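Student: When we follow UniProt numbering, the leftmost residue of the sequence shown carries the number 1, and every step to the right adds one. Backbone N, C-alpha and C fix where the C-beta goes; we use that ideal spot for every residue, glycine too. Keep in mind the model is a prediction, meaning the values are calculated, not measured. Supplied in structure tokens, the structure appears directly below.
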Amino acid sequence: MSSEKVRSRKQQRYYMNSEFNSASQHGSDYDFNENEKYNLANPSNDLDYVPAYQKDHAVFQSTHLNQAKLADPTSGKRFRFTKKRLIVLGLVFLMAAYFRLWKLSHPSKVVFDEVHFGKHAGLYINRTFFLDVHPPLAKMMFAAAGKIFGYDGKFDFKTIGLDYTSTNVPYASMRFMPAFLGLAMVPITYITIAAFGGSEEACLLGSLLVTFENSFMTISRLILLDSILIFFTGLTVMFWALFLREEGHPFTKTWWVYLILTGVNMGNALSSKWVGLFLVGTIGVWTIKDLWFRITDYRVTLNEVNKHFWARVLGLIVTPLTVYVFWFYIHFSVLTLSGSGNNFMSPEFQTTVGGSHLVSTMRDVYYGSKIRIRHDATNAGYLHSHASRYETGSKQQQVTLYSHRDDNNYWIIDYTLDQKKKLANSTNLNELKPIKNGDVIRLKHANTKKNLHSHNLRAPVTNKDYINEVSGYGGDDFDGDSNDDWIVRIMDGDNSVPSSFNQIVSIHSKFRLIHKNEKCALFSNRVKLPKWGFEQVEVVCMKHAKYPKSIWRIESATHEKINYDTAPKVSFKIPGFFEKFIESHVVMLRVNNGLTGSHFYDSRPFSWIYLRRGIGYWSEKGHTIYLIGNPIIWWLAFVSIVSFVAIQLVLVLRDQRGYNDQMFGYRAQYMNFTGFFGIGWAMHYFPFFLMGRQLFLHHYLPALWFGIVALASSIDIFTRKVSSKARTVIMCALLFYTLRLYFLYSPVGYGTSWTREACEKSKMLSSWDFSCKQYPSIAEKLAKQTFDKDQGKKDNEKIQEAEIVDPGQPQPIDNIDEEIRLNQPAPMINDEDKKKLESDWEKFKNEDVKGSASLQPEKKDGESNPENKNDKQDDKAGEIQNKEEKKEEQKQEEQKKEEQKKEEQKQEEPKKEEKKEEEQKKEEQKENQQVIDKKAEEPKVENENQVAKDKPAPAEPKP
């Protein structure tokens, strides 16, 4: 027998003896069977023997570590679902279905982020490419539901409040899908708690808390992603719990099924929203803990550890990634038509989308080539100019980015003035000279003959000291000046065309254009010009410009001296799936990180745990949908997490002092049951503190589910040693207050009617900002009914409805509309614009702009510019221009001050009107009270009956 084997047997014998002693000393209620007693007294020669006691109790004794190792108390016990539990679960499910599906078609209008996700479903049905910051699975599920029930994808979901009933949109059927998945969380919670060893009471408690959590009810009734995310999160945890129950039977069929299903649903959660990454972290932490205990267990061989490790790699890493990539493959396969998403993507990506106009072009670029230049970073379009002037600054010809195909997108590469002088004396006038790195060139606009120009003058929109205006300057009768000269700096090329790294090659060479005099780079940042600039994108010359947004490349090239048909050609490389996959994620991350703007209902993570405020989803007169949670559930869930951390700290400290607290024999279960969901809560909550983007209350909902299960498990464990009567009272009291608050806030969850008084009384925190002025008061209801009966409809019109004053009108969030707007192409030049451009061209083409518009950098006294022979004329022109600019700036400042005064006056007017309206309301209330008093003079019995009839119904859902 080898020394290692002898050592292992000694460790095993020591372990089992100490195990037996520990059980007897602490009064364990574990019932040893005869075989186990024999094995404890006579250790088996089988080194892989693991007694059942090790699986069911907490203490692992080690000769090297004087501390307890906690095992999973449920591992090794296969999960069995009893008939009693099945009946109870069925009843709970039916009850939950009543509350979750009640009035699902109300409201029959677009609510909250249905603006985005309903529209995305239509784009999938129409196969139109778009970009969103969320992965595709949840949106494709909505598209599938819509397609099944007859949605044709034409309804645009444009704004909150848009009516569904005027179209054939199967909105109720599309809402049913998330509602059903939200309903499925009730049995998922029940089974999960049971699989973790929870009692029948704990299973029932947890499932009922999920049923009557107002926020879960609200989000599951709308076309939103959160319900789908929470469903896949719960399903993953449920299969993980069932997998842990099979740990005593590793590598069996059932063991593998639960492991793979855990990975599949983890991938589905990640494919719905990137918050699913936190679920990966949760399962990952528990997996590391499990493998660590196996490694440190002397009875588990390294071969077995290795097998467990690779099984988990396959199930929990490879499987989720495969699922995630698979859904993106479906995404790209479906969206094959050109759409708004094109503007976010590279030209290479666009070649895979139908309708792209990108084709092959001449490979080599020379002086004299006619080219079309694309801005590489923003994909906002081509370097463009037209016969229209800036209305500010130099008043020279506009230079912009324009995304549509147009003759004004073409430029001719020309020599500088100095180069032309040298060529005049050369004998090789017809020689084709390629454009190389470091060459100085001019770009002459093909139609207007203006040179690409910049000078020390601020840009029209981006008015910064380090940003210069870019314009068109010169013409047929005037060659311009040295401010038309640009240095070519090649920044990148393509390995398939090696020459593209040191010589400009169409498509493959990425380069910067550096202004020779000002040392600034041609740059664009998606800033749009006003209407006088046709809303096209501003082009500037920026000093110390950022690398990506100062990169350009030539998309099309021709030359009058070269036969296009025989010239070498290049075209955009068609990317494969993984190249598209990577590029789409880079763009999604960029856009997601750019969502840093403010929103009326945004919030930060520290405010979520105490439910500081909710989110306005939709509102109209007398009805509101406002996302708010059930306060008692939110607060107690957080208390259960904090209590777990505090108790664990105390237990660890007492362990260090030699105590061996077992919490009445439930320490292991508390650690593994509540501990797992505590880690899940932390993994789904704390990462949000690191995010700078917009955040909202619904981001906390996955963490809330973990908190609810932790609450149910804590109550279950801490009430097991009390009497069954006391245990029942505690759980029933919690459910009573949960139900009371659920029905109290159900009007803002379902969007049903309410009274102003009930609304005002319901606010536990002053920061809850759902508008109670939306609802009529009881007095108004009584008065209205009285007028209807006694004086008819004409008199009833005198009673004014409550004014709708919302603290913040519902607006869609998770919104990339601003990004889409920035990437949206400028409107195409219409006939009127063409006429204007033609008239501008006729007006300006013969003007001599030499002495009036080219502005040089400021010079010191006595200093001259050797590159410009007309310094004096230009300096005078510059002085005149500067004086005119100062006058214009003064006028603009005066106009701004006047506008500010007018705005202040406008802001004061509503306040005055509000005061008048309040006075009118008081008078109306007095009149209404008089009517009620008159009615009160009638016999008491009749009056009491009438009041009883007029009382509003409770805010309890009815079928």
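(1) Under 6 angstroms from any heavy atom of the ligand PLP, does the C-beta of S105 make it?
(2) Could you give the DSSP three-state label for F501: helix, strand or coil?
(3) Relative to the C-alpha of D156, which candidate in Q397, A179, E114 has its C-alpha closest?
(4) I need the straight-line Cα distance from L734 to L711, nearest angstrom please.
(5) Tell me, which residues are paired with Y390 by DSSP?
(6) Taking all protein chains shown into account, decide if W608 is buried (16 or more other Cβ within 10 angstroms of its Cβ) or exposed.
(7) Pull up the CB-CB distance for A637 and G707, whole angstroms please, since I reckon it's below 8 angstroms.
(8) Quick one: residues in its chain with C-beta nearer than 6 angstroms to the C-beta of residue 974, no 5 flanking neighbours on either side, listed in chain order?
(9) I'd like the span of the alpha helix (DSSP H) that includes N451, first residue to last.
(10) How long is the line joining the alpha carbons of W681 and T233, rounded to whole angstroms?
(11) Thinking R526 and A380 are a contact (beta carbons under 8 angstroms), I'd like their distance in whole angstroms, please.
(12) Between the C-alpha atoms of V275 and W705, what's the straight-line distance to the nearest angstrom?
(13) Would you kindly check if the distance between the Cβ of P170 and the Cβ of G150 is under 7 angstroms?
(14) In angstroms, rounded to a whole number, what distance separates the CA positions of E560 and Y366?
(15) May I ask you to verify whether the stretch 670-681 touches the stretch 638-645, counting CB pairs closer than 8 angstroms and requiring at least 3?
(16) So, I188 versus M238, is the Cβ gap smaller than 7 angstroms?
(17) For the alpha helix (DSSP H) containing R405, name the first residue and the last one.
(18) Using 8 angstroms as the Cβ pair cut-off and three pairs as the minimum, do the stretch 192-207 and the stretch 101-118 touch?
(19) If we ignore side chains and look at the alpha-carbon of each, how far apart do A121 and K109 end up?
(20) How many Å lie between L649 and E247 at the Cα?
(21) Within this structure, are the beta carbons of S482 and V470 separated by less than 7 angstroms?
(22) Do three or more CB pairs link the stretch 663-675 to the stretch 573-591 at distances below 8 angstroms?
(23) What's the call for K519, buried or exposed, on a 16-neighbour Cβ count within 10 Å?
(24) For a quick check, are the C-beta atoms of A195 and L259 less than 7 angstroms apart?
(25) Do you know offhand how far H585's Cα is from Y666's?
(26) Tell me the rounded alpha-carbon separation between R78 and S215.
(27) Output yes or no for whether 7 angstroms exceeds the beta carbon distance between V587 and F770.
(28) List the DSSP bridge partners of V537.
(29) Have a look at Y547, F686, N447 and flag the residue whose alpha-carbon is nearest the alpha-carbon of M491.
(30) With DSSP run on the structure shown, which of helix, strand or coil describes M491?
(31) Comparing alpha-carbon positions, which option in K147, D565, I371 lies nearest I507?
(32) Bridge partners for M542 per DSSP, in chain order?
(33) Short of 6 angstroms in beta carbon distance, which residues of its chain neighbour T211, apart from the five on each side in sequence? Order them along the chain.
(34) Whole angstroms are fine: how far does the CA of F93 sit from the CA of F572?
(35) Tell me the DSSP bridge mates of Y626?
(36) Would you kindly work out how many angstroms separate the C-alpha atoms of T301 and T287, rounded to a whole number?
Tutor: Reading off the structure:
(1) Annotation note on the ligand PLP: not contained in the displayed structure, which lists no ligands.
(2) Taking the sequence shown and counting its residues from 1, the one referred to as residue 501 is at position 501. DSSP places F501 in helix when its eight states are reduced to three.
(3) The sequence position of residue 156 within the sequence shown is 156, counting from 1. Of the candidates Q397, A179, E114, the one whose C-alpha sits nearest the C-alpha of D156 is E114.
(4) Residue numbering aside, residue 734 sits at position 734 when the sequence shown is read from its first letter. Residue numbering aside, residue 711 sits at position 711 when the sequence shown is read from its first letter. Near 11 angstroms, if we compare the C-alpha coordinates of L711 and L734.
(5) As a working mapping, residue 390 is identified with position 390 in the sequence shown. Bridge partners of Y390: none, in fact.
(6) Locating residue 608 in the sequence shown gives position 608, counting from the first residue. Flag for W608 reads buried.
(7) Here residue 637 corresponds to residue number 637 of the sequence shown, with the count starting at 1. Here residue 707 corresponds to residue number 707 of the sequence shown, with the count starting at 1. That pair is a contact at about 3 angstroms.
(8) Residue 974 lies beyond the stretch modelled for the chain, which goes from 1 to 959, so this question has no answer here.
(9) Residue numbering aside, residue 451 sits at position 451 when the sequence shown is read from its first letter. Segment 451-458 is the beta strand (DSSP E) holding N451; no alpha helix (DSSP H) there.
(10) Residue mapping note: residue 681 aligns to position 681 of the sequence shown, counting from 1. Residue mapping note: residue 233 aligns to position 233 of the sequence shown, counting from 1. Those two C-alpha atoms are separated by around 12 angstroms.
(11) Counting from one through the sequence shown, the residue named residue 526 turns up at place 526. Counting from one through the sequence shown, the residue named residue 380 turns up at place 380. With 8 angstroms as the limit, R526 and A380 qualify as a contact, their Cβ atoms being about 6 angstroms apart.
(12) For the purposes of this step, residue 275 is taken as residue 275 along the sequence shown, with counting starting at 1. For the purposes of this step, residue 705 is taken as residue 705 along the sequence shown, with counting starting at 1. So the alpha carbons of these two residues sit roughly 14 angstroms apart.
(13) The residue you call residue 150 lines up with position 150 of the sequence shown. The residue you call residue 170 lines up with position 170 of the sequence shown. Yes; because the gap between Cβ atoms is below 7 angstroms, this pair is in contact.
(14) Reading the sequence shown from its first residue, position 560 is the one you call residue 560. Reading the sequence shown from its first residue, position 366 is the one you call residue 366. Distance between the alpha carbons of E560 and Y366 is about 11 angstroms.
(15) yes
(16) Mapped onto the sequence shown, residue 188 falls at position 188. Mapped onto the sequence shown, residue 238 falls at position 238. Going by C-beta atoms, I188 is nearer than 7 angstroms to M238.
(17) Numbered from 1 along the sequence shown, position 405 holds the residue referred to as residue 405. No alpha helix (DSSP H) contains R405, which DSSP labels as neither H nor E.
(18) no
(19) As a first step, residue 121 is located in the sequence shown; it is residue number 121 there, counting from the start. As a first step, residue 109 is located in the sequence shown; it is residue number 109 there, counting from the start. Cα to Cα, the separation comes out at about 16 angstroms.
(20) In the sequence shown, the residue the question calls residue 649 occupies position 649. In the sequence shown, the residue the question calls residue 247 occupies position 247. The straight-line gap from Cα to Cα measures roughly 28 angstroms.
(21) Start at 1 with the first residue of the sequence shown, and residue 482 comes out as number 482. Start at 1 with the first residue of the sequence shown, and residue 470 comes out as number 470. Contact flag unset, no.
(22) no
(23) Within the sequence shown, the letter at position 519 stands for residue 519. K519 comes out exposed.
(24) Position 195 of the sequence shown, counted from the first residue, corresponds to residue 195. Position 259 of the sequence shown, counted from the first residue, corresponds to residue 259. Contact flag unset, no.
(25) Here residue 585 refers to the residue found at position 585 when the sequence shown is read from its first residue. Here residue 666 refers to the residue found at position 666 when the sequence shown is read from its first residue. Their Cα atoms are separated by approximately 46 angstroms.
(26) Taking the first residue of the sequence shown as 1, we reach residue 78 at position 78. Taking the first residue of the sequence shown as 1, we reach residue 215 at position 215. Those two C-alpha atoms are separated by around 34 angstroms.
(27) Residue mapping note: residue 587 aligns to position 587 of the sequence shown, counting from 1. Residue mapping note: residue 770 aligns to position 770 of the sequence shown, counting from 1. No, the pair does not count as a contact, with Cβ atoms beyond the cut-off.
(28) For the purposes of this step, residue 537 is identified with residue 537 of the sequence shown, where counting begins at 1. V537 pairs with L401, K528.
(29) For the purposes of this step, residue 491 is taken as the residue at position 491 of the sequence shown. Out of Y547, F686, N447, Y547 has the C-alpha closest to the C-alpha of M491.
(30) As a working note, residue 491 is residue 491 in the sequence shown. Correct three-state label for M491: strand.
(31) On the sequence shown, position 507 is the one that residue 507 refers to. Nearest of K147, D565, I371 to I507, Cα basis: I371.
(32) Here the question's residue 542 lines up with position 542 in the sequence shown. Paired residue(s): I467, A521.
(33) Here residue 211 refers to the residue found at position 211 of the sequence shown. Once the five neighbours on either side are set aside, the close Cβ partners of T211 are A96, V186.
(34) Against the sequence shown, residue 572 aligns to sequence position 572. Against the sequence shown, residue 93 aligns to sequence position 93. Taking the straight line from one Cα to the other gives about 56 angstroms.
(35) Stepping through the sequence shown from its first residue, residue 626 is reached at position 626. Answer is G616.
(36) Within the sequence shown, numbered from 1, the residue matching residue 301 stands at position 301. Within the sequence shown, numbered from 1, the residue matching residue 287 stands at position 287. One C-alpha to the other measures close to 18 angstroms.
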